[in-house]
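Data first, discussion second: the structure below is written as structure tokens.
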Amino acid sequence: MVDFTPVLIGGDIGIYALAREFYEAFAKTSICLSGGAIGAITKSAYCEVRPLKSGSAADVITALKEVEEAVPAGKLVIMANTDGHARLISRSRDVLGERWVVPFPDVKVIDRVSDKVNFARICEKLDIATPHTEVVDFSGADSANFAVPATKLRFPVVAKTAVGADYDEVSFPGKKKIYFVDSQAELDELWAQLARAGYRSTFVVQELIPGDNTQMRSITAYVDSAGRVTMLGSARVLLEDHLPTMIGNPVAMITEPFPQLWEDAKKFLTQTGYRGFANFDVKIDPRDGRALFFEINPRIGRNSYYMAAGGVNPMEPMIYDLVEGRTLKQRTVEKEVLYSLVPFPLLLHYVSDKQLRGRLWRLLRDRKVADPTLSRLEPSLGRRLLLHGQRLNQYRKFAKYYPKATQTSY
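Under full-length UniProt numbering, think of the first position of the sequence shown as 1, with each following residue one higher.
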């Protein structure tokens, strides 16, 4: 096998999951570049943490060049899990050079598909359903005459950035990843906040699709260098994070095949010339059973370990493709596993559907439960105690931000 070293940018749970996947598949320790990695990483046997001065393009490239000098032989496989880093890595291919393996799409493809406005247009052409959407353009927000017309959608509505990388660059009090808005006055105040903060990209307003978190689906795919979709997996979301800056990120899921969603995802990926990892957010509308595609993340996603827990380690098809130059048959996740970052009693508190609760108890009884942060190969007692405390802290966090389950999960 061709020698390689994984190089990961970031320091959150998603990065730890990637390091674990590399270790479990290839017995490789990852170099993790981070300015503030979580304890699960700093105390991990899977990670060698090196400082990253900041997330700026210049500092990231400098850190990567330092890694290249320190690792004299073999390929360097770079992974990251934010839209901004995905875009930075993609556009820096030529700067990085031939030793670097970049499992991300071309930056032009990233810009085209990750913009939620363009995403909806592409889906419409491919007969893939999406929520009703309005677009708000802040490029003219410096003008004294700037004003956003009232929405024509019925409240409550959902408001969120159309371009995640642009939204990451602004900061203001009360900033959230997604906004659930109950009135026009509340929406107008959000527009004013964004304008004052210097946001000059686009936002979208969408109809709020009924149903709680259990109506959400996650799809993860890998497209090889020849354009073949060689990995597909999916999961039924049970509960999402409700911390304002993290809302929408699943914290508990059951792996489950959804063949029609897979076909829609494949159609999107092949028609757009996509390469590398992709993650789709989909919601099932309980009113008519339609699957509505919300967005594509141009990266593997924070919860990639549900794929490995379901029997398909996502690092394998990527390494065999980009490092080994091998062609693989398509791998799909068929195994049922409960993937969870929260304690089981807390999860049960938010899952009311009797059939789903029955599945949870059965998976617990059969020991088909996976937490990406908990590994038998991690020897550190301090790390285990830290993670135990963090799991207990989930009770406090949910009590503060989402104390009681609702029909819409907000």
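We treat Cβ as the ideally placed atom computed from N, Cα and C, and that holds for glycine.
- By alpha-carbon distance to K53, the top candidate from A63, S380 and V204 is A63.
- Here the alpha carbons of V205 and T151 stand approximately 8 Å from one another.
- Boundaries for D137: no alpha helix (DSSP H) harbours it, while the beta strand (DSSP E) harbouring it runs T133 to D137, taken from the DSSP string.
- Secondary structure within the stretch 111–158: the alpha helix (DSSP H) runs of 4 or more consecutive residues, fully enclosed, are 116–125 (chain order).
- P6 is positioned such that its CB atom lies no closer than 8 Å to that of R275.
- The bridge partners DSSP lists for A252 are L239 and S340.
- For the pair K177 and R91, the Cα-to-Cα distance works out to about 25 Å.
- One Cα belongs to D12, the other to P250, and the distance between them is close to 14 Å.
- In the DSSP assignment, L381 falls within the alpha helix (DSSP H) that extends over L381 to Y401.
- Between L360 and V351, the gap from beta carbon to beta carbon is short of 8 Å.
- Cβ neighbours of A308 within its own chain (closer than 6 Å, five residues either side excluded): E21.
- When rounded, the separation of the alpha-carbon atoms in G97 and V71 is 14 Å.
- Judged by DSSP in its simplified three-state form, L377 adopts coil rather than helix or strand.
- In the structure shown, I296 adopts extended strand secondary structure according to DSSP, grouped into three states.
- A Cβ-Cβ separation of about 7 Å places N303 in contact with M253 under the 8 Å criterion.
- Here Q330 carries a coil assignment [DSSP, helix/strand/coil].
- Taking I219 as the centre and dropping the five residues before and after it, the same chain places the C-beta of S234, L261, A265 and F280 closer than 6 Å to its C-beta, in chain order.
- Secondary structure of K108 (DSSP, three-state): helix.
- When C-alpha distances from R290 are compared across S143, N213, L348 and I128, the shortest belongs to I128.
- By the neighbour-count definition (other C-beta atoms within 10 Å, threshold 16), E169 is an exposed residue.
- Spatial neighbours of L153 in its own chain (CB-CB distance under 7 Å, excluding positions within 5 residues in sequence) are listed in chain order as H132, E134, V205 and E207.
- A direct Cα-Cα distance of roughly 9 Å separates Y167 from F203.
- Uninterrupted alpha helix (DSSP H) stretches at least 4 residues long and entirely within the stretch 161–243 occur at 164–167 and 184–197, given in chain order.
- Between F258 and the set K43, E48 and L232, the nearest pair of CA atoms involves L232.
- A226 and R93 have their C-alpha atoms some 18 Å from each other.
- Between the alpha carbons of V237 and R217 lies a gap of roughly 6 Å.
- In this structure, the CA atom of R287 is about 49 Å from the CA atom of A58.
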